[in-house]
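For the sequence shown, the residue numbers in the working numbering are 3 to 294. Here a beta-carbon is modelled for each residue, glycine too, at the ideal position from N, C-alpha and C. These numbers come from a predicted model, not from an experiment.
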Amino acid sequence: MPSPLIPVKDPLWADQDIELWIKRDDLIHPVVSGNKYRKLAFLMPEFEDNRYQGIVSFGGPHSNHIHALAWVCHHHNIPLVVLVRSSHEYPDSPTLRDVRQWGAVVEVLSPTQYRLKDTEEYLNHLEKKYPGYLMIPEGGSHPKAPVGFEKMIREVEMCLPDPDLYICPVGTGATLAGIVRFKAPRQYVIGVSSLKSSSFYQEIKRKWSLDQYPRWTLAEQWHFGGYGKMTKTLLDFLGRFEQDHGVLLDPVYNGKAMFAFHEYVRFHLIPPGSKVVFLHTGGVQGWRGVNY
Ligand SMILES: *Cc1c(COP(=O)(O)O)cnc(C)c1O
Numbered sequence: 003m004p005s006p007l008i009p010v011k012d013p014l015w016a017d018q019d020i021e022l023w024i025k026r027d028d029l030i031h032p033v034v035s036g037n038k039y040r041k042l043a044f045l046m047p048e049f050e051d052n053r054y055q056g057i058v059s060f061g062g063p064h065s066n067h068i069h070a071l072a073w074v075c076h077h078h079n080i081p082l083v084v085l086v087r088s089s090h091e092y093p094d095s096p097t098l099r100d101v102r103q104w105g106a107v108v109e110v111l112s113p114t115q116y117r118l119k120d121t122e123e124y125l126n127h128l129e130k131k132y133p134g135y136l137m138i139p140e141g142g143s144h145p146k147a148p149v150g151f152e153k154m155i156r157e158v159e160m161c162l163p164d165p166d167l168y169i170c171p172v173g174t175g176a177t178l179a180g181i182v183r184f185k186a187p188r189q190y191v192i193g194v195s196s197l198k199s200s201s202f203y204q205e206i207k208r209k210w211s212l213d214q215y216p217r218w219t220l221a222e223q224w225h226f227g228g229y230g231k232m233t234k235t236l237l238d239f240l241g242r243f244e245q246d247h248g249v250l251l252d253p254v255y256n257g258k259a260m261f262a263f264h265e266y267v268r269f270h271l272i273p274p275g276s277k278v279v280f281l282h283t284g285g286v287q288g289w290r291g292v293n294y
């Protein structure tokens, strides 16, 4: 079993007869973000079936996806090129130091170049420069990324046969899409958006073809100002949560999702008697980017 499912008790929800279980995908690896690892489950079969020569991918200087991908490529001896958006005119970061150490080639793109990375012209250029390489989009949101979450759901069911509700953080929506596709029809899913966007629900629904699946929603009001933004309220909450329950949450994704869960409980929005599974997607290495 790659990660445990642990019960977390607190009078706030126990008083409403709600059970909270945390699926600790943060424990899959000390530095590689758990959901990025799940999202790469399709990769090895895909890579071998198509006899790719290597992989090209994209991300910011603290990207959990790049970090996980570099680690996986290192272990499978796959050549990796990462195109990184420069920030503050300075491309180095603890994440990129790991990535280089694991043997990836890091190329830095200016913010303008980075914005053009999805244009046909640029992709053609990359195909010429790296023939036979597999391209993986930013955040690891390859169309096959959601399939990796079937295994996560099966692991949960082995410990807790029929949960009522799943909660997870949302960036590109691949994780949410995976849970929505592989949960039982009666189960509900709340994805908590870590970024600010007015059309995000529609975007995610279209991107991952989630129209046909019932009982999921995107909570869009807990982004704390936008992607990577955090407030004292959020940071204090994370400190208290770690003290009370011994679980460290990252401030970019899981902290916001757990805050949302607390608010749902406080406002009596979760039916009494519910068994809730919170997917801790990892990303605790992202704290290194906060103080940096
Ligand atoms: C990337 C990431 C997410 C977002 O996952 P998506 O599948 O892109 O929605 C959530 N949590 C952590 C820790 C991540 O690194």
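### Task
Please check the pair Leu-167 and Val-278, which I expect to be a contact at CB under 8 Å, by giving their CB distance rounded to whole angstroms.
That belief holds up - the Cβ atoms of Leu-167 and Val-278 are roughly 5 Å apart, short of 8 Å.
### Query
Secondary structure at Ile-24, three-state DSSP: helix, strand or coil?
Three-state result, Ile-24: strand.
### Task
With hydrogens ignored, establish whether the beta-carbon of Asp-252 is closer than 7 Å to any heavy atom of ligand 1.
If you check the C-beta of Asp-252 against ligand 1, you find a heavy atom less than 7 Å away.
### Query
Skipping 5 residues on each side, what residues in its chain have a beta carbon closer than 6 Å to that of Pro-4?
Closer than 6 Å at the Cβ level, and outside the excluded window around Pro-4, lie Ile-30.
### Query
Can you find a C-beta in chain C that's less than 8 Å from the C-beta of Ile-272?
The displayed structure is made up of one protein chain only, and chain C is not part of it.
### Tyr-116 to Leu-82 span [Cα, whole Å]
The C-alpha of Leu-82 is placed about 18 Å away from the C-alpha of Tyr-116.
### Query
Using 8 Å as the Cβ pair cut-off and three pairs as the minimum, do the region 8-16 and the region 40-58 touch?
Here the region 8-16 does not lie against the region 40-58, with fewer than 3 beta-carbon pairs under 8 Å apart.
### Task
May I ask which residues mark the beginning and end of the beta strand (DSSP E) holding Leu-125?
Looking at the DSSP string, Leu-125 is not in any beta strand (DSSP E); the run it does join, the alpha helix (DSSP H), is 122-131.
### Task
Confirm the yes/no value for this check: CB of Thr-174, any heavy atom of ligand 1, distance under 7 Å.
Yes; taking the cut-off as 7 Å, the Cβ of Thr-174 has a heavy atom of ligand 1 nearer than that.
### Residue from Ala-179, Lys-198 and Glu-152 with nearest C-alpha to Val-191
With distances taken between CA atoms, Val-191 lies nearest to Ala-179 out of Ala-179, Lys-198 and Glu-152.
### Message
When you compare the region 257-267 with the region 216-229, are there three or more beta-carbon pairs, one atom per stretch, that lie closer than 8 Å?
### Response
With three or more CB-CB distances shorter than 8 Å, the region 257-267 counts as touching the region 216-229.
### Task
Look up Trp-218 in the DSSP assignment and give the residues it is bridged to.
Val-191, per the DSSP bridge assignment.
### Message
Using a Cβ-Cβ cutoff of less than 8 Å, which residues in the same chain neighbour His-270 once the five nearest sequence positions on both sides are dropped?
### Response
Here His-270 has Gln-18 as same chain residues with Cβ atoms under 8 Å from its own Cβ, once five neighbours each way along the sequence are excluded.
### Query
Tell me which same chain residues have a C-beta within less than 6 Å of the C-beta of Asn-293, skipping the five on either side of it?
With a pLDDT of only 49 at Asn-293, under 50, the local geometry of the prediction cannot be trusted, and the value read off the model is given with reservation. Cβ-Cβ distances below 6 Å link Asn-293 to nothing in the same chain once the five nearest sequence neighbours on each side are left out.
### Message
Quick check on this structure: which residue in Ile-272, Ala-176 and Gln-204 has the alpha carbon closest to the alpha carbon of Gly-150?
### Response
For Gly-150, the closest alpha carbon among the candidates Ile-272, Ala-176 and Gln-204 is that of Ala-176.
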